Structures are given as C-alpha cells and as structure tokens.
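Shown next, in structure tokens, is the structure this report addresses.
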Amino acid sequence: MRGKGGALNVSESRVQRPVIDAWVEAAASLGYKRNDDYNGEDQEGVGHFQMTMRNGRRCSSATAFLKPARGRSNLQIFTGRENPRAGYGRASRSRHTRAARQ
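Quick note on numbering that gives the first Met the number 0: the sequence shown kicks off at 0 and runs consecutively.
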C-alpha cells in the first residue's frame, strides 16, 4: 500500500534546491550509495527526501489508516499508550492486542 494508490501516498519533494543536489552529488562521490527511494526495501544511502501528502497537507499514518476506520464497532483506539505485545493470528485473519495493564 505504499506509494501510489494506497492509503498513504509517498511522493518526492517538489522543492528543488541546488544545495541539496550538490550535497547528494558530494556524498555519492565519496562512495555513499545513491538511494532514490529510502522508504522502500533499502533505507541505506543518500537521496532527496520524500513526503506523505494529501490535498497539499501532511498525511500521517493516523490520518491515512485510523481516521477512516474509527467508526468500526470492532475497533477501540486508545491514545498515549504503548503495547509491545501486539499479536496477529497465524492461521486466521484475527488480530489482537493485549495490554500489560489497564
């Protein structure tokens, strides 16, 4: 779902600055790998930054994924909490999380 057509659109910056181009070229000339898509499979390297934008505004993961789903009866969203014990059903589509404490 990343890139085009998914809920979270990743795009190249429209800001063009000669100093950024020079910085990328300088890093590449020193042996750093050029990476035109550091949000893809490989994050190593140097390149221009990418953005997640929708209708001219930054689009966060919450805006892209949680906001459209928040009306579902089987979803409760709690903010300001951590849950390192998130689980995903292996043989089924069930997904669950359990809080260490309430």
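Glycine included, each C-beta is placed from N, C-alpha and C at the ideal position.
Small disclaimer: the values here were computed from a predicted structure and weren't measured.
Between which two residues does the beta strand (DSSP E) harbouring residue i extend?
i	result
V18	Taken as a continuous stretch (DSSP letters only), V18 belongs to no beta strand (DSSP E), being part of the alpha helix (DSSP H) at 17-28.
N38	That residue, N38, is in no beta strand (DSSP E); it is neither H nor E in DSSP.
Our contact map puts residue i next to residue j with C-beta atoms below 8 Å; I'd like the distance itself, whole angstroms only.
i	j	result
G46	N38	So it is not a contact: roughly 10 Å between Cβ atoms.
Q49	E11	6 Å
Just to confirm my understanding: we take residue i, look at its own chain, exclude 5 residues before and 5 after, and list those with CB closer than 8 Å. What are they?
i	result
C58	L7, N8, T51, M52
A68	L74
V23	R33, V45, G46, H47
D36	G46, Q49
M0	With a pLDDT of 39 at M0, under the threshold of 50, the predicted position of this residue should be treated as unreliable, and no value is reported.
On the DSSP bridge assignment, give the partners of residue i in chain order.
i	result
V9	T51
R57	M52
V45	R33
Considering only residues of the same chain and omitting the five flanking positions on each side of residue i, which have a CB-CB separation below 6 Å?
i	result
A63	A6, L7
Note down, in chain order, each residue of its chain lying with its Cβ closer than 7 Å to the Cβ of residue i, except the 5 sequence neighbours on either side.
i	result
I19	H47
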